[in-house]
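To start, the structure itself, in structure tokens.
Number of protein chains: 2
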Amino acid sequence: MKTYLECLPCMMNQALRAGRIVTDDDVVIKKILDEVGDSIKDVSMHHTPAQTGAVVYKKVKEITGCEDPYKQIKADSIKEALALYPKLENYIAESDDKLLTAIRIAISGNVVDFGVNKKFSLEDDLDKIIKQDFAIFDYSEFKKQLKKANSVLYIADNAGESVFDRILIEQLGVPVTYVVREIPIINDVTYQDAIDSGIGEVAEIISSGTTAPGTIMELCTDDFIKQFENADMIISKGQGNYEGLSNVEQQVFFLLKAKCHVIAKHIGVKEDDIVLKASAIH
Amino acid sequence: MKTYLECLPCMMNQALRAGRIVTDDDVVIKKILDEVGDSIKDVSMHHTPAQTGAVVYKKVKEITGCEDPYKQIKADSIKEALALYPKLENYIAESDDKLLTAIRIAISGNVVDFGVNKKFSLEDDLDKIIKQDFAIFDYSEFKKQLKKANSVLYIADNAGESVFDRILIEQLGVPVTYVVREIPIINDVTYQDAIDSGIGEVAEIISSGTTAPGTIMELCTDDFIKQFENADMIISKGQGNYEGLSNVEQQVFFLLKAKCHVIAKHIGVKEDDIVLKASAIH
Numbered sequence: 498m499k500t501y502l503e504c505l506p507c508m509m510n511q512a513l514r515a516g517r518i519v520t521d522d523d524v525v526i527k528k529i530l531d532e533v534g535d536s537i538k539d540v541s542m543h544h545t546p547a548q549t550g551a552v553v554y555k556k557v558k559e560i561t562g563c564e565d566p567y568k569q570i571k572a573d574s575i576k577e578a579l580a581l582y583p584k585l586e587n588y589i590a591e592s593d594d595k596l597l598t599a600i601r602i603a604i605s606g607n608v609v610d611f612g613v614n615k616k617f618s619l620e621d622d623l624d625k626i627i628k629q630d631f632a633i634f635d636y637s638e639f640k641k642q643l644k645k646a647n648s649v650l651y652i653a654d655n656a657g658e659s660v661f662d663r664i665l666i667e668q669l670g671v672p673v674t675y676v677v678r679e680i681p682i683i684n685d686v687t688y689q690d691a692i693d694s695g696i697g698e699v700a701e702i703i704s705s706g707t708t709a710p711g712t713i714m715e716l717c718t719d720d721f722i723k724q725f726e727n728a729d730m731i732i733s734k735g736q737g738n739y740e741g742l743s744n745v746e747q748q749v750f751f752l753l754k755a756k757c758h759v760i761a762k763h764i765g766v767k768e769d770d771i772v773l774k775a776s777a778i779h
Numbered sequence: 498m499k500t501y502l503e504c505l506p507c508m509m510n511q512a513l514r515a516g517r518i519v520t521d522d523d524v525v526i527k528k529i530l531d532e533v534g535d536s537i538k539d540v541s542m543h544h545t546p547a548q549t550g551a552v553v554y555k556k557v558k559e560i561t562g563c564e565d566p567y568k569q570i571k572a573d574s575i576k577e578a579l580a581l582y583p584k585l586e587n588y589i590a591e592s593d594d595k596l597l598t599a600i601r602i603a604i605s606g607n608v609v610d611f612g613v614n615k616k617f618s619l620e621d622d623l624d625k626i627i628k629q630d631f632a633i634f635d636y637s638e639f640k641k642q643l644k645k646a647n648s649v650l651y652i653a654d655n656a657g658e659s660v661f662d663r664i665l666i667e668q669l670g671v672p673v674t675y676v677v678r679e680i681p682i683i684n685d686v687t688y689q690d691a692i693d694s695g696i697g698e699v700a701e702i703i704s705s706g707t708t709a710p711g712t713i714m715e716l717c718t719d720d721f722i723k724q725f726e727n728a729d730m731i732i733s734k735g736q737g738n739y740e741g742l743s744n745v746e747q748q749v750f751f752l753l754k755a756k757c758h759v760i761a762k763h764i765g766v767k768e769d770d771i772v773l774k775a776s777a778i779h
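Note that the protein sequences, when read in sequence, are chains A and B. So the first sequence is residues 498 to 779, counted in our numbering. So the second sequence is residues 498 to 779, counted in our numbering.
Written out as structure tokens, the structure is:
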């Protein structure tokens, strides 16, 4: 997926939000906005929005010296999600289709996103998404591929959501490799966040190498690319990963909530829709 | 009122909206966004948002060569408002407090604003605002000053809204000078738009000299400033004029609908509130 014109004002909004998280010094935030504004002319519209967005967070780090502005927010999200874990397990225990319920839970975790301008309530959104209709529902293809797969490559998105991912991982029934970001970027899940979410107990955790808030192949390590190309089945969570992987050759199962109208339009759904989409039906 | 940090991403959103009105060539719109982004660093936070916003529309003109991007939109708004004129007259005819109903009508016209990211429906908003509670209601002061005034200086905002202004002008009962922008900027009312709205039949029309989407004293002509300083009573419509006049010494009656959360906060009301505010109670 390429960068759209709408992504450029959005960069400035992201810069303001991220700046405000690090500091309440308006002069520093103005400097962030100045430099992000200045960098608009260098944005290639052929890059993915995630690559474009990475510029914002790089500037925030450079100007404030803060390596991980969302550290506390991520810790809080994980804590909040862990507190809901018994409720998630209960949803599974009471479900007639445990795999589908686990998919819904994993998607509902995708609301924990501080890169978009959307308010969320983890528990309320969970209760809503658990019964929401899917806008795209390639569930039979998902089950067909899972039946054939000896393992799953699970590309993660946000910290906190990661706790909800554990529920789905446990229902997949095959070994899972859980893929995280290389560095802290927005509230995306890193190795330590995955450990703190309990993922280490149910999956192998690797980094894709990406430094963007999404899986951008040019930024990924050779090791990851090899695993990606040879994967039996790939699950990709969230918008940032969709942006990077929407055009790859491999079949990818995208699990997400559409939180931005540009991405929703690209997928062919409406904002706030939930999606289980196979990038290609084999 | 000064520029707030929130105004800077808003500049980019305005640039995108204005660019799209002039052209569907994404390369041209990208150039507008590049140059507006580049100009963020030159924005003085001590300027009013209207002055800051003027940069956007200047860039759009320079890059596209289009002197009046909103020309057709303004003509359409005036036409739509004129078609509602009999309904407006009917509201007055049936009202027990014709002056107050005329104020409500003039405020409801203030929804016709293409500088903000808000959808509106002129007739639906009229029917709503005609009975909406005021968030600030300095009506007794308004009546007191009007009783003493031999004339009123009426500072206008948008084209289309201008038709609704006529209703209020007719209820003021004293000679009115109607103040318009010097040049076309967004959909703000110019001399010709005022004439097309029928204002020439009920008031003298003058330009303040401002080239911003608001009355910025530094940009105004000496003639206007003299009239402003000597005015018996001043009515100011809309956000852009409020931004420029919120700190002046003279008593100004601000009639507006708060369409932006930054301005709403500055006034001390909520977004979508309607306001009849005297800048100082004498």
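All C-beta atoms in this analysis are idealised placements derived from N, C-alpha and C, irrespective of residue type, glycine included. This structure is a prediction, so every number in the text was calculated from the model and none was measured.
In whole angstroms, what separates the C-alpha of residue i from that of residue j?
i, j, result
"Leu513 (chain B)", "Ile696 (chain B)", "32 Å"
"Leu505 (chain A)", "Gly534 (chain B)", "9 Å"
"Lys670 (chain A)", "Ile731 (chain A)", "Residue identity differs from the one stated: residue 670 (chain A) is Gly in this sequence, not Lys. The alpha-carbon atoms of Gly670 (chain A) and Ile731 (chain A) are separated by roughly 14 Å."
"Ile589 (chain A)", "Asn727 (chain A)", "31 Å"
"Ile633 (chain A)", "Ile764 (chain A)", "9 Å"
"Ser733 (chain A)", "Arg517 (chain A)", "30 Å"
"Met648 (chain A)", "Ile680 (chain A)", "Correcting the residue identity first, residue 648 (chain A) is Ser in this sequence and not Met. So the two alpha carbons sit approximately 26 Å from each other."
"Ala580 (chain A)", "Ala572 (chain A)", "12 Å"
"Glu768 (chain B)", "Thr520 (chain A)", "26 Å"
"Glu564 (chain B)", "Asp522 (chain A)", "39 Å"
"Tyr636 (chain A)", "Leu773 (chain A)", "7 Å"
"Asp621 (chain B)", "Ala646 (chain A)", "57 Å"
"Asn744 (chain B)", "Lys628 (chain B)", "30 Å"
"Ile692 (chain A)", "Glu698 (chain A)", "8 Å"
"Asn510 (chain A)", "Lys762 (chain A)", "20 Å"
"Val610 (chain A)", "Thr712 (chain A)", "Looking at the sequence itself, residue 610 (chain A) is Asp, so the reference to Val does not match. One C-alpha to the other measures close to 16 Å."
"Ala653 (chain A)", "Lys615 (chain A)", "20 Å"
"Cys507 (chain A)", "Asp720 (chain A)", "33 Å"
"Lys723 (chain B)", "Lys641 (chain B)", "23 Å"
"Ile529 (chain B)", "Ile560 (chain B)", "7 Å"
"Tyr582 (chain B)", "Phe725 (chain B)", "29 Å"
"Ile483 (chain B)", "Asp594 (chain B)", "Lying before the first or after the last residue shown, residue 483 (chain B) is absent from chain B, which here runs from 498 to 779."
"Val469 (chain B)", "Asp531 (chain B)", "Nothing about residue 469 (chain B) can be read from this structure; chain B reaches only from 498 to 779."
How far does the beta strand (DSSP E) with residue i in it extend, from its first residue to its last?
i, result
"Ser733 (chain A)", "731-734"
"Val772 (chain A)", "771-775"
"Ile703 (chain B)", "701-704"
"Leu753 (chain B)", "749-754"
Could you pull out every residue in the same chain whose Cβ sits closer than 7 Å to the Cβ of residue i, ignoring the five residues on either side in sequence?
i, result
"Tyr688 (chain A)", "Val677, Ile702, Ser704"
"Ala777 (chain A)", "Gln748"
"Ile600 (chain B)", "Leu665, Leu752, Leu773"
"Leu643 (chain B)", "Leu669, Met730"
"Pro566 (chain B)", "Ala515, Ile518, Val519, Val557"
"Val766 (chain A)", "Ala632, Ile633, Ala755, Val772"
"Cys717 (chain B)", "Ser705, Gly706, Thr707"
"Leu585 (chain A)", "Ile602, Phe661, Ile664"
With respect to the alpha helix (DSSP H) encompassing residue i, which residues constitute its N-terminal and C-terminal limits?
i, result
"Glu559 (chain B)", "546-561"
"Ala709 (chain B)", "Looking at the DSSP string, Ala709 (chain B) is not in any alpha helix (DSSP H), and its letter there is neither H nor E."
"Asp719 (chain B)", "719-726"
"His763 (chain B)", "758-764"
"Ile570 (chain A)", "568-580"
Who are the near neighbours of residue i in its chain, counting only those whose CB is closer than 8 Å to its CB and skipping five residues on each side?
i, result
"Pro710 (chain A)", "Ala547, Gly550, Ala551, Tyr554, Gly612, Arg678, Ile682, Ile683, Asp685, Gly737"
"Ser694 (chain A)", "Ile575, Ala578, Leu579, Ala656, Gly657, Ser659, Val660, Asp662, Arg663, Val686"
Tell me which same chain residues have a C-beta within less than 6 Å of the C-beta of residue i, skipping the five on either side of it?
i, result
"Val540 (chain B)", "Thr549"
"Tyr501 (chain B)", "Val759"
"Ser536 (chain B)", "Val552"
"Leu469 (chain A)", "There is no way to answer for residue 469 (chain A), as the model of chain A reaches only from 498 to 779."
"Cys757 (chain B)", "Val613"
"Ala700 (chain A)", "Ile666, Val673, Tyr675"
"Gly606 (chain A)", "Glu658, Phe661"
"Leu742 (chain B)", "Thr712, Ser733, Val749"
"Leu623 (chain A)", "Ser605"
What are the complete alpha helix (DSSP H) segments, minimum 4 residues, inside the region 599-687 of chain A? With a minimum length of 4 residues, the continuous alpha helix (DSSP H) runs that stay inside the region 599-687 of chain A are 619-626, 636-645, 658-669.
What residues in the region 509-527 of chain A bring their beta carbon closer than 7 Å to a beta carbon of chain B? Hits within the stretch, in order: Met509, Asn510, Leu513, Asp523, Ile526, Lys527.
Any C-beta of chain A within less than 7 Å: which residues of the region 531-557 of chain B qualify? Asp531, Gly534, Asp535, Ile537, Lys538, Met542
Could you tell me which uninterrupted alpha helix (DSSP H) segments, each at least 4 residues in length, are contained entirely in the region 503-527 of chain B, listed from first to last along the chain? 504-519
Could you run through the region 575-604 of chain A and flag, in chain order, every residue whose CB is less than 8 Å away from some CB of chain B? none
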